[in-house]
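If you read the protein sequences in the order shown, they are chains A and B.
Heads up: the first sequence begins at 190 in the working numbering, then just goes up one per residue.
Heads up: the second sequence begins at 6 in the working numbering, then just goes up one per residue.
Idealized CB from N, CA, C, for every residue including glycine.
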Amino acid sequence: MANRGGPGGRPNGTAQQQQGGGGGGRICQFKLVLLGESAVGKSSLVLRFVKGQFHEYQESTIGAAFLTQTLCLEDTTVKFEIWDTAGQERYHSLAPMYYRGAQAAIVVYDVTNQDTFGRAKTWVKELQRHASPNIVIALAGNKADLSNKRNVELDEAKAYAEENGLLFMETSAKTAVNVNEIFQEIGESIVGLFVLVVGIQICRSEQSRLNYVSKIVYSLWYRK
Amino acid sequence: MPSSIKILGRSQFLKSLHHSNICTYLDIMRWKHERVALVCEHFGVPLSNYKDWSPGSALYIVKDILSGLSYLHERGIVHRALSRDNIIVVNKHIKIFNYGLYYMSGSGADVEFPIGCYNEPLCFSLDDKSLCELYYLWLLAGGDVFTEFKKEGLIRTKPPILGIPKCSYDKDHCESSSLPLIIRERDTEYQFRRITLFNTLLKGFPHTSRRLRGESKQDIPPFLRAETWACLLGINCDYQESYLLVDKETSIPTDRQIEVDIPRCHQYSELLSSSVGHLKFKRILKAWVVSHPEYVYWQGLDSLCAPFLYLNFNNEARAYACLSKFIEKYLYNFFLKDNSSVIREYLTKFKQLIVFHDPELGNHLDNIGFAPELFAIPWYLTMFSHVFPINKILHLWDSLFLEKPSYPLFVGLAILQQLRPTLLSSGFNECILLFSDLPGKYSSKIYFNNSFFFSLYTNCTVYRSAELLRQRENILFQILAGFMWFQIGANY
Ligand SMILES: Nc1nc2c(ncn2[C@@H]2O[C@H](COP(=O)(O)OP(=O)(O)OP(=O)(O)O)[C@@H](O)[C@H]2O)c(=O)[nH]1
Ligand SMILES: [Mg+2]
């Protein structure tokens, strides 16, 4: 497939922060990519998150599709720019141009299919190696509504996620369980991370850096 | 999957059965409340009312019944309801009736027997082929099986086909041919003339090849589109045999991908969503993968196959032959394992065309980083069959088969032109959202905008300006077109 520098070579990959209109709220814009084997339900998850819909006959994705959605987290408005990629192994060569510079990735597998879990692990490895080091990775075990046909145990996936420092949830695009939640959790952890990283860069002196970090940790702590 | 869809898919096969001793099935339809209606030839006297039992007539009766039954048995159909009421005598000739119920219900799995049965006598006796045509014209003329059922309280009824005006061949010819395509396709008289004409042309193919192309430019009668496409694509007559010889059963590594793609491909179509539809779909795709070792299955091949299967539901071999030829002609090397350079080349041409035709738009799109790679791959890898519904694809491809190989690029340009004001006033995100794969967005903007499609196939504005352009800037255009000939027309 046609491989290029990155989606349009436009200034992406930097989280943009703008001052919101009123009340001093922040607006953050994040690039998020969905990866995973074909037919695990990536497009369905996005459709559920963006439009609140589910299509039994959701069309397969060719290349990639782009969508946006906004989430409000306390005083921050998070705008997700979502790249939903094609799952077929052949389209693999296109993937870097979508995950390059992404702040977050959701790696999806299908709880009824062990092979898709294996593929998800491969994606996680690739992201850890080639994506930006601060990327927030979430693992989603989709089609949780089909738990009677389950082939990937919850504990197994949970243990794997913990080992690798991933956010983890079992989701269902069909019944909407945990769909908004997973995006929300990603949003929260990026916002936290973002404030932290930018803050550290801004504070020059060792002392103010320490102060800043403790302030952030303090505020995150009390928000929970 | 509702039983009625399964039945609908399975019973398409019945329409392909033609024999002098069986009644022909003309149509199978689904209706509200899981009802299925069968339209079948039915004319004459049932054996139960037949009086002449002389040895001579008994002999031909037995002979005809046996020959009808053996025809059915050879095709794997068991009657299961053979009775005197289901054997009809027409002019000293036997026709077996009602033979498809057991078959279409999956050996009784999808319905409970016995089934109520209402007959719709079509009162003419012609050879099979013209009976199907006549039925098609009856539908066009406003005939509706279900209305007939309702009107008559499910009693036998005479359809209004008998009231069709007699049409002479050349009368009003010019008048209706200037009407928009959508209207022409629904005009009974016009279609009658076109079908008659195309029947002659198709019979005379390949000698009539030029005339057929010429007439197809005006329009292709939907009733004969499958045959016409096969001729326009230049399918050889040995396609049945070559399809038979391909191994479509042994499992191959691509199976999983094919299996997950088929249930997501144009499933609003009842035929394509039926279980028989899925089976045929899978066989055709597997046949293509197996017999083209130089190519691989890219997601999107399923969409490409859909229109051919839809048109040739009872002729898998022809659907397969059309698909193979189509890829050879219009998507040469797009299905290589490493197709990146082919696609990049094609999209570069597309970009050049945009910039050349509309520098303002081209520059804007370039500035915001809105590259064709991000939205046009599904367009060209599937010749738009992934992004438009089947009824639109049929018209688009009608023209594709007749125009220059650069035509798809102009279609892409026409789509951008149609959204020009929005594109020009938007940034990257808004632009790409216009083309994101979600249903709704795309469709409300382009799919259902009929005026756009009218303009597209009845000499669309962009295409026309491209004609102007060709005259004005002949040289550059020729380079462009020449390139396209080389690129995708290598097999002409
Ligand atoms: N039961 C159930 N089915 C689902 C769920 N999510 C998706 N599906 C179905 O799974 C199939 C595949 O979903 P898609 O969203 O197209 O999968 P995808 O990962 O985008 O696939 P590619 O585009 O080929 O990469 C569709 O038929 C969906 O209807 C779910 O949560 N539960
Ligand atoms: Mg998808």
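- Within the stretch 15-75 of chain B, complete beta strand (DSSP E) segments of at least 3 residues are found at 30-36, 40-45, given in chain order.
- With a cutoff of 8 Å on beta-carbon distance, A:R215 and A:T274 are scored as not near each other.
- Not a single CB atom of chain A sits nearer than 8 Å to the CB of B:H47.
- For B:Q357, the enclosing alpha helix (DSSP H) covers residues 345-362.
- B:P312 is positioned such that its CB atom lies no closer than 8 Å to that of B:L249.
- Not a single C-beta of chain B is nearer than 8 Å to the C-beta of A:Q303.
- Restricted to the stretch 414-440 of chain B, the alpha helix (DSSP H) segments that are unbroken, complete and at least 4 residues in length are 425-429, 433-439, listed in chain order.
- Within chain A, the residues whose beta carbon sits less than 8 Å from that of B:T387 are I251, listed in sequence order.
- Pairing A:F219 with A:F269 gives a Cβ-Cβ distance under 8 Å.
- Residue environment: B:N103 is assigned as buried (16 or more neighbouring CB atoms within 10 Å of its CB, all protein chains considered).
- Secondary structure at A:A253: strand, using DSSP grouped into helix, strand and coil.
- Counting along the chain, A:V325 sits inside the beta strand (DSSP E) bounded by residues 325-331.
- Setting aside the 5 residues that flank it on each side, B:G417 is surrounded in the same chain by F355, A381, W384, each with a C-beta closer than 7 Å to its C-beta; the list follows chain order.
- Counting along the chain, A:M286 sits inside the alpha helix (DSSP H) bounded by residues 284-288.
- Remark: the C-beta of A:K310 is outside contact range of ligand 1, defined as less than 7 Å to any heavy atom.
- In the three-state reduction of the DSSP assignment, B:Y385 falls in the helix class.
- Contiguous alpha helix (DSSP H) elements confined to the stretch 256-299 of chain B occur at 260-266, 275-278, 280-296, taking only those with 4 or more residues.
- Within 7 Å of the C-beta of B:R198 there is not a single heavy atom belonging to ligand 1.
- Burial is judged here by how many other beta carbons sit within 10 angstroms of a residue's own beta carbon; B:D403 has at least 16 and is buried.
- By the Cβ neighbour-count rule, A:Q277 is buried, with 16 or more other Cβ atoms within 10 Å of its own.
- Within chain A, the C-beta atoms nearer than 9 Å to that of B:H391 come from E248, S249, I251, in chain order.
- In this structure, the CA atom of B:K100 is about 28 Å from the CA atom of B:W36.
- Contact between the stretch 333-351 of chain B and the stretch 246-263 of chain B is absent: fewer than three C-beta pairs spanning the two stretches fall below 8 Å.
- The three-state reading of DSSP puts A:T265 in strand, counting E and B together.
- In summary, B:I82 is buried, with 16 or more beta-carbon neighbours lying within 10 Å of its beta-carbon over all protein chains present.
- Contact between A:L262 and A:E370 does not hold, since the beta-carbon distance rounds to 12 Å and is not under 8 Å.
- In the displayed model, A:Y298 falls within a strand according to three-state DSSP.
- When the beta-carbon positions are compared, B:S329 and B:W293 come within less than 8 Å of each other.
- Closest option to A:V239, judged by alpha-carbon separation, among A:S336, A:W272, A:L335: A:W272.
- At least 8 Å separates the beta-carbon of B:E321 from that of B:L13.
- The count of Cβ pairs closer than 8 Å, one atom from the stretch 208-220 of chain B and one from the stretch 283-302 of chain B, stays below three, leaving the stretches out of contact.
- Listed in chain order, the non-local C-beta contacts of B:M6 below 7 Å within the same chain comprise S280, local neighbours out to five positions each way being set aside.
- Residue environment analysis places B:R215 among the exposed positions, since fewer than 16 neighbouring C-beta atoms fall within 10 angstroms of its C-beta.
- When DSSP states are grouped into helix, strand and coil, A:A293 belongs to the strand group.
- Distances taken from the Cβ of A:T250 to the heavy atoms of ligand 2 include one shorter than 7 Å.
- The DSSP-derived three-state label of A:L260 is strand.
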